[in-house]
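K.L.:
Would you mind keeping the following structure in view while I ask a few things?
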Amino acid sequence: MNRNRSRGGQITRRRLLKGAATGAGLAVGSGMVKGFPTVWAQNIKDVKLVQVGGSYSAIIDIGRAASKDLGFQVEMQNADHDALINRVVNEPKTVDIADVEFFSQYYFVGRNILQPIPMSKYKWWDKTVPIFTKGEYPDGRKVSAEGTLPFKVQYLESRDAKTFAKAPTDLLSGIPTVYNADTLGIRPDLIKRPIERWSELLNPEFKGKTAIVAVPSIGIMDAAMAIESRGDVKYGDKGNMTKAEIDKTIGILIDAKKAGQFRAFWSTFDESVNLMASGEVVLQSMWSPAVTAVRSRSIDCYYVPLKEGYRGWGSCVAPMAHLSGLKLDAAIEYLNWYNSGWQGGFIAKQGYYSSVPETAKPFLTANEWDYWYEGKPATEDIKDPYGHLMEKAGRTRDGGSFWQRMGNIACWNTIMDEDRYMVKRWNEFVSA
Amino acid sequence: MKINQQTVSWLQVAPLTLVLLVFFGIPMVLVAVVSFFDYGRLQIIPAFIFDNYLELFQSNLTLRLYATAIKYTAIVWAITLVIGFTVAYFLVFHVRSLTVKIGLFLICTVPFWTSNIIRMISWIPFLGLHGVFNSGLIGLGIIHQPLFFLLFSDFAVIVAYVHLNTLFMIVPIFNSMARIDPGVIEAAYDAGASRWRVITEVVLPLSKTGIALGSIFIITLVMGDFFVVKIMSGGQSATVVSALSTEIASLQYPPAAASAVVLVLVVALMVSAILRLVDVRRELTG
Amino acid sequence: MHDTADGGRPWTFYALAAFFALFVLFLYGPMIVIYVLSFQGPNGGLTFPLNGVSLHWFDALIKQERTGDIAGAFQRSIGLAALVTVLTVLFSVMAGLAFRRRFAGAGLVFYMAIASLIMPGLFVSLGIGLVFQMLDLSTTWYGSALGAQLTWTLPYGLLIMFAVLGRFNRAYEEAASDLGATNWQRLQHVTLPIVLPGIIGVALFGFTLSYDEFPRTVLTSGSSNTLPLEIWAMTTDVTSPALFAVGTVTTVISFIVIGLALTSIALIERRRVRRAVSVGKSATVS
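In structure tokens:
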């Protein structure tokens, strides 16, 4: 197949020359993709891509749908949080597509582990939500940059760059895929009064009935939100605390723990669901699908929008540095497929947003779109991706519409500069 | 034609040694080397510094982690020893048919073929505030409020350890006991010893190899564990390895490596103390 | 043995039997929770109450929905465990026999085995993963993961062989030699049959340890998960009674395997008793 298609324009060529060579892959045409599969060589069907990520996003059904549409094999492998980064860094040959949270990019940048994607090869950048492309909301306001705002780690000057570009370039460190705004989950039937502030996590009224996630980098931020809400500490950047701030935070946590405030610290999704469903806990850090899971058991659980805002997170997918030739072409094809709608529609039913909502829309019914994105009341029952009842007609999504939720992010998941110190002190807290 | 006995031994022990050298020896050396490295926020820096060890020894946390780990180990060891000994004794001396013996033995092992993780998760609906156990007790009127401490507590951790590891005590003791010459037992009875004395003065000493080995297994299992503690304590307890795993997850290898080296040394000390009491190898070579 | 004069059972038999029964109940308690909950309705979760009753989750297991690649992981785990078991038995038995004589380097091998037991599995897997990467080899479940798991099972196998071969009455072997048996015949017809229960113990351990193994496999199994890895990855983010369905299925399979094993053992027993008294009596039959 003739790969020598002309470039789109002078500017693009200049930028391409400036950028590091990405080998033969650069010759693949840009922006001419109409339908799938577009990259077809005799032996494309022998290509196999392995995507490794958390089980909340590297879902086997997505792999199947992709394999069907694209003509080559896409396999999904799940790795838990702790192991994922280790896998990508230490066993890179066993991964083809890395499916990681944005802040993990810090571990990979400049180490020839992932390879950046030229913007020209990715179809959907113009249609991507500006949170990712510009770090702004549509009205021009800047998104909170506490923690690791995906925009901060989105662009690279060159393939070997050791740091991220401060302004948009032509090279993307990863393709944004799913993201969400996290908050506290509650049992409204057991609490019986409105919850409006993060500080309620530390409220002695709920002694012994609260829980925090046990992942240090996330748990400490939930704690910081609660502590700042209560007025104890004013943080410069909750996602990048100073040693003093860390000490104060851990100190307060240890006191709370000794006073019996927390029932548990959960490290698996299951635990968070079980804690809530069984009523052991009435207020806790939680992830959106967990709330869904509890609700689908006909137990009332609410993902409560809080005054101080949400904790945001976002995932991206990127091809590994060792991909080249046909396999790289297939990978780029796959990435384009990923945000072409099927995956977006699938994942929406789990409560996650697609970075390119426009393409996901046709894959959702009008009812579902209104419920998940527009924050309108459901006109019919809402089902989860497997057809089980999740929400009855008439209810609205907790927190409302897309912009009501994603428009109120206080901080983003991250690893802080003082991570080493923080983990040490977190261990002290856990063993207190 | 007589091959040198030594050579025969070497040949026999070669495969095991080779595997261990390649898959354990080399990583071990790597770990020791990395433990002297420096590290920044996101990468490790080859160096030769003692900082990691110094931090380890100067930190209060280390002491607490080891204290917790040793506490669990001691309690679990005691409980599994009693249970293991009793069950092994029952199987060896009271069950007559070999088939039944093996059958009962295998029944004990079936739960172990269901993944540890699944079994651990199932403790939650069992011990939780609204779980089977609490509901049962409340239903029987024994208590009125669900028992808080059953789950996400030291109690839960120990129950889980015992549940998961007793088999490792039963098997060596079973094997040791099975080797006891029945003639010796008969002689003791004929000499007028009570059943209790036979147990304490004949069976017990003759099973000490099995007990020693079982103890070694339990110690290494409990001291080396990280996820039972994490899950069953509800994240409220940490032992040496669970703290270590948090560091590995953040790619902070050097301090984790130093921690691992120290752990190996500490447990090796515990194990050699046991081996001093019971020279397992001497029993073999006779 | 120490039965009452009329051949009946002493009271201790009943006491111990009761203890044993309680123990089995303790082992199976959470298992029963698993069995019951695996019949959870489609909207149910991992805790009580049961939200309807159905075979939905067994179905999901077979259809491989959201449940990840359980079937594939299961096959790999079984395959890997079988490989590990065979190798462990072979290498451990050979090494155990080697230790019956004194040979140069015995101490080193022994302590290396102990150290391998103690080293936290996470580091073994990290170390092996790194070494493979440096040598530009791929980590695979049948290569690096196999090696990693062997570092865990071989020490156990070796130590059990110690328990089994300790105080081994060489009279039988000497008798066989006197009767003109070659070394190989002696091994095959005298030594091995006597230590067979021990070998079964090693096989059992090897299989269980491998099947359930997590830390040593987590960074060495390459791009295909074994069952524990798959389950662990699932529980971190997705909740599903399909996990419990896995538990139920493995138990059923285990019981079938045990049934087969027992029948074959019973047959072997019968054959051996029939064969010859002069080759030596099994010391485990009381």
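Protein chains in written order, with the working numbering: chain A, 5 to 436; chain B, 7 to 292; chain C, 4 to 289. All residues carry an ideal CB built from backbone N, CA and C; glycine is no exception. Quick caveat: nothing in here was measured; it's all calculated off a predicted structure.
How about A/Q347 and A/I66: do their beta carbons lie closer than 8 angstroms?
P.N.:
The answer is yes: Cβ separation under 8 angstroms.
K.L.:
Are the C-beta atoms of C/T211 and some chain B residue less than 8 angstroms apart?
P.N.:
Chain B contact via Cβ: present.
K.L.:
Going by C-alpha to C-alpha distance, which of C/V221, C/V255, C/S226 and C/L40 sits closest to C/G75?
P.N.:
C/G75 has its Cα closest to that of C/S226, out of C/V221, C/V255, C/S226 and C/L40.
K.L.:
From A/D186 to A/L118, what distance separates their C-alpha atoms?
P.N.:
Spanning the two alpha carbons is a distance of roughly 27 angstroms.
K.L.:
Is the beta carbon of A/K405 less than 8 angstroms from the beta carbon of A/Y377?
P.N.:
Strictly speaking, residue 405 of chain A in this sequence is Ser, with Lys absent from that position. A contact, by the Cβ cut-off of 8 angstroms.
K.L.:
With A/G189 and A/A294 assumed to form a contact (beta carbons below 8 angstroms), what rounded beta-carbon distance in angstroms separates them?
P.N.:
Contact flag correct, Cβ pair sits at about 7 angstroms.
K.L.:
For chain B, find out if any of its Cβ atoms is closer than 8 angstroms to the Cβ of A/H85; answer yes or no.
P.N.:
Interface residue, yes.
K.L.:
Excluding sequence positions up to five away, which residues of its chain have a Cβ less than 7 angstroms from the Cβ of A/G27?
P.N.:
Only weak support is given to the placement of A/G27: the predicted model assigns it a pLDDT of 34, under 50, and the question is left unresolved by the model.
K.L.:
Taking the alpha helix (DSSP H) that C/L161 belongs to, which residues open and close that run?
P.N.:
It spans S147 to L168 - the alpha helix (DSSP H) in which C/L161 sits, taken as one unbroken run.
K.L.:
For B/Q11, count neighbouring C-beta atoms within 10 Å of its own C-beta (all shown protein chains included) and say buried if the count is 16 or more, exposed if not.
P.N.:
Counting Cβ neighbours within 10 Å, B/Q11 comes out exposed, since fewer than 16 surround it.
K.L.:
Quick test of your reading: B/W83 and B/I224, contact by CB under 8 angstroms. State the CB separation rounded to the nearest angstrom.
P.N.:
That pair is a contact at about 5 angstroms.
K.L.:
Is DSSP giving A/K331 helix, strand or coil here?
P.N.:
In this structure, A/K331 counts as helix in the three-state DSSP scheme.
K.L.:
Anything in chain C within Cβ reach of B/Y95, meaning under 9 angstroms, just list it in chain order.
P.N.:
L19, listed in chain order.
K.L.:
Just the chain C side, please: which residues come within less than 8 angstroms of B/N58 by C-beta, in chain order?
P.N.:
None at all; the shortest Cβ gap to chain C is about 14 angstroms.
K.L.:
Using a cut-off of 7 angstroms between C-beta atoms, extract the partners of B/F232 located in chain A.
P.N.:
Result: empty, since nearest Cβ-Cβ is about 10 angstroms, beyond 7 angstroms.
K.L.:
Which same chain residues end up closer than 8 angstroms to A/D388 when comparing Cβ atoms and leaving out the 5 residues on each side of it in sequence?
P.N.:
Cβ within range, chain order: T296, S300, K353, Q354 and M394.
K.L.:
B/P131 and C/L207 look like a contact to me (Cβ under 8 angstroms); what is the Cβ gap, rounded to whole Å?
P.N.:
About 29 angstroms separates the two Cβ atoms, so there is no contact after all.
K.L.:
Name the one or two DSSP bridge partners that A/V217 has.
P.N.:
In DSSP, A/V217 forms a bridge with A/W270.
K.L.:
Might you give, ordered along the chain, the residues of its own chain that have their beta carbon closer than 6 angstroms to the beta carbon of B/L26, omitting 5 neighbours on each side?
P.N.:
Around B/L26: no qualifying Cβ.
K.L.:
With a cut-off of 8 angstroms on the beta carbons, I'd call A/T418 and A/A397 a contact; round off their distance for me.
P.N.:
Contact doesn't hold; Cβ gap of about 38 angstroms is too wide.
K.L.:
Pick out whichever of C/Y145, C/Q188, C/L212 and C/T220 has its Cα sitting closest to the Cα of C/G82.
P.N.:
Per the Cα distances, C/Y145.
K.L.:
For a contact defined as C-beta to C-beta under 7 angstroms, what are the partners of C/V221 on chain E?
P.N.:
In the structure shown, chain E does not exist; the protein chains are A, B and C.
K.L.:
DSSP has A/A122 in a bridge; who is on the other side?
P.N.:
Contrary to the premise, residue 122 of chain A reads as Pro rather than Ala in this sequence. A/P122 pairs with A/L175.
K.L.:
Pick out whichever of C/L190, C/Y38 and C/I73 has its Cα sitting closest to the Cα of C/A63.
P.N.:
Residue C/I73 is the option with its Cα nearest to C/A63.
K.L.:
Pairs of beta-carbons, one from the region 283-294 of chain A and one from the region 130-148 of chain B, closer than 8 angstroms: are there three or more?
P.N.:
At 8 angstroms Cβ cutoff, the stretches touch.
K.L.:
Thinking A/G411 and A/A322 are a contact (beta carbons under 8 angstroms), I'd like their distance in whole angstroms, please.
P.N.:
A/G411 to A/A322, Cβ: 27 angstroms. No contact.
K.L.:
Would you mind telling me which residues of chain C sit closer than 8 angstroms to B/N181, beta carbon to beta carbon, in chain order?
P.N.:
Near B/N181 (Cβ distances below 8 angstroms), the residues of chain C are I163, A166, V167, P200, G201 and G204.
K.L.:
What three-state label does DSSP hand B/P52 in the structure shown?
P.N.:
In this structure, B/P52 counts as coil in the three-state DSSP scheme.
K.L.:
Which residues in chain B have a C-beta closer than 7 angstroms to the C-beta of C/W235? List them in chain order.
P.N.:
Under the 7 angstroms cutoff, chain B gives I123.
K.L.:
When you compare the CB of A/R267 with every CB in chain C, is at least one pair closer than 8 angstroms?
P.N.:
Chain C, which has no Cβ nearer than 8 angstroms to the Cβ of A/R267, makes this no.
K.L.:
Using a C-beta cutoff of 8 angstroms, does C/I117 count as contacting chain B?
P.N.:
Cβ-Cβ to chain B under 8 angstroms: yes for C/I117.
K.L.:
Within the same chain, show all residues whose beta-carbon is closer than 6 angstroms to that of B/K107, passing over the 5 residues directly before and after it, in chain order.
P.N.:
Once the five neighbours on either side are set aside, the close Cβ partners of B/K107 are L97 and V101.
K.L.:
Cα separation between B/P33 and A/S59?
P.N.:
Computed Cα separation, rounded: 29 angstroms.
K.L.:
Are there 16 or more other CB atoms within 10 angstroms of the CB of C/M137, so buried, or fewer, so exposed?
P.N.:
With fewer than 16 Cβ atoms within 10 Å of its Cβ, C/M137 is classed as exposed.
K.L.:
Got a sec: is the Cβ-Cβ distance from B/S200 to anything in chain A below 8 angstroms?
P.N.:
Output row for B/S200: interface = no.
K.L.:
Would you list, in sequence order, the uninterrupted alpha helix (DSSP H) runs of no fewer than 4 residues that lie entirely inside the region 339-393 of chain A?
P.N.:
Entirely contained in the region 339-393 of chain A, the alpha helix (DSSP H) runs reaching 4 residues are, in chain order, 346-352, 361-364 and 370-373.
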